[in-house]
Each structure stands twice: as C-alpha cells, then as structure tokens.
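**Student:**
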Amino acid sequence: LLSNRFTQFRMKIPVVLIGGPVVAYARELKQILDADIIIPDHAEVGNAVGAVVGKGIKRIEILIKNAYSKDKKRLVLLFSPQGREIFGSYPEALEYAETLGRKLIMEYMTEAGLDKEQVQIEINKKDISLSEAGTIPIETKLVFVGVGIPKV
728 LLSNRFTQFR
738 MKIPVVLIGG
748 PVVAYARELK
758 QILDADIIIP
768 DHAEVGNAVG
778 AVVGKGIKRI
788 EILIKNAYSK
798 DKKRLVLLFS
808 PQGREIFGSY
818 PEALEYAETL
828 GRKLIMEYMT
838 EAGLDKEQVQ
848 IEINKKDISL
858 SEAGTIPIET
868 KLVFVGVGIP
878 KV
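Shown next, in the form of structure tokens:
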C-alpha cells in the first residue's frame with residue numbers, strides 16, 4: 728500500500744467489515760478492492776456478538792513416527808502440542824494420542840466457557856505405510872477437531 732504499483736481486485740458481492748479496527752483500514756481496502764464495502768452501524772462490536780453466539784472450534788494435530796535409536800532399537804515417537812514423547816510400541820502410542828487429543832480439546836473448550844455436553848470431536852487419521860494393510864505404519868497423523876456451543 729506504500730506504492731502505487733499494486734493490483735486491484737473486483738468483487739461482485741459486497742464486502743462487510745466488522746470488528747474494532749475496521750475503520751482504520753477501510754480506506755486502504757477500498758483502493759485494493761473494487762467492491763461495495765459496507766461498514767455496518769456498531770461494526771466495532773460485531774466480533775464480540777459473534778463470539779457470544781458462535782461456536783468454539785479447536786484443532787489439534789498429533790504425529791506418530793516409527794524410528795530407530797543409535798543402537799538400532801525401534802522407537803515410536805509422538806509429537807503433540809505438549810512436546811515429544813517416546814513409546815515402546817505403536818499401539819501404546821496410538822492409544823495415548825487418542826486420549827491426549829480428546830483431553831486437549833476438552834480442556835480448551837472448558838477454559839473457553841463452552842458446555843462440555845455440547846462439544847463434538849471428530850478425529851481424522853492418516854497412515855503412511857510402505858507395505859500392505861495390516862502392518863504398522865511408518866507414520867500416523869491424527870487431526871482432532873472439536874466444535875462446541877457456548878453456555879448461554
């Protein structure tokens with residue numbers, strides 16, 4: 728925005744700005760976007776209203792990797808928001824990951840003031856294997872997504 732060499736985008740739908748700082752950057756945004764830019768009355772509290780009536784969402788990724796130590800001993804490494812942990816077996820690491828992922832989601836939702844009974848957790852598991860199904864994967868990525876509704 729400090730230069731006169733930038734691209735302008737044209738939008739056919741109106742752009743509605745909400746939140747406290749929108750007035751501060753609306754003029755510059757109008758230079759970049761060729762669109763009907765709307766700042767509604769009380770736009771500064773739009774995010775606050777959304778936070779009260781909206782849903783809480785939390786996403787956590789946990790990675791499990793098979794590895795070998797310097798003395799050729801098999802290790803299972805688990806990487807989570809809490810750090811790295813080492814396990815003796817893949818099933819042990821997987822069970823721990825599933826428990827930890829759910830626990831971290833629920834802790835976040837509780838701290839955010841969301842109703843525990845209204846939290847839904849979806850788990851997406853992706854394995855990377857070098858051979859046929861049924862073998863222990865070399866890597867597993869678990870993605871936990873929790874969605875909750877605020878207490879009203």
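Quick note, the numbering used here runs 727 ahead of the 1-based positions in the sequence shown. Built from N, CA and C at the ideal position, the CB exists for glycine as well.
Quick check: what's the CA-CA separation for LEU728 versus LEU831?
**Tutor:** Reliability fails at LEU728, whose pLDDT of 44 lies under 50, so the model's placement of it is uncertain and no value is given.
**Student:** Skipping 5 residues on each side, what residues in its chain have a beta carbon closer than 7 angstroms to that of LEU802?
**Tutor:** ALA794, TYR795, SER796 and ILE813.
**Student:** Let me check understanding here. Comparing Cα to Cα, which of GLN845, GLU859 and ASP854 lies closest to GLY873?
**Tutor:** It is GLN845.
**Student:** Could you have a look at GLY815 and say whether DSSP puts it in helix, strand or coil?
**Tutor:** Coil, per DSSP.
**Student:** Could you say which of LYS852, VAL749, LYS853 and GLN847 lies nearest to ILE876 if we only look at CA atoms?
**Tutor:** For the residues LYS852, VAL749, LYS853 and GLN847, the minimum Cα distance to ILE876 belongs to GLN847.
**Student:** Below 7 angstroms between beta carbons: does that hold for ILE789 and SER816?
**Tutor:** Contact: no.
**Student:** Tell me, please, whether the segment 824–844 touches the segment 751–769 by the rule of three or more beta-carbon pairs shorter than 8 angstroms.
**Tutor:** Cβ pair count under 8 angstroms is below three, so no.
**Student:** DSSP puts GLU866 in a beta bridge; with which residues?
**Tutor:** For GLU866, which the question treats as bridged, DSSP gives the partners LYS792 and ILE855.
**Student:** Could you check if GLY828 is buried or exposed, using at least 16 other CB atoms within 10 Å of its CB as the buried criterion?
**Tutor:** Its Cβ being crowded by 16 or more others within 10 Å, GLY828 is buried.
**Student:** Measure the Cβ-Cβ separation of LEU869 and LYS852 and say whether it is below 7 angstroms.
**Tutor:** Yes, the Cβ-Cβ distance between LEU869 and LYS852 is below 7 angstroms.
**Student:** Closest to PRO818 by CA distance: which of PHE871, LEU804, HIS769 and ARG811 is it?
**Tutor:** It is LEU804 whose Cα lies nearest to the Cα of PRO818.
**Student:** CB-CB under 6 angstroms to ILE765, same chain, minus the five flanking residues each way: which ones, in chain order?
**Tutor:** Answer for ILE765: PRO741 and VAL743, listed in chain order.
**Student:** Considering only DSSP beta bridges, list what ASP761 is partnered with.
**Tutor:** ASP761 is bridged to ARG737.
**Student:** In the structure shown, what three-state DSSP assignment does GLY828 receive?
**Tutor:** Three-state result, GLY828: helix.
**Student:** Under the DSSP definition of a beta bridge, which residues are partnered with ILE850?
**Tutor:** PHE871.
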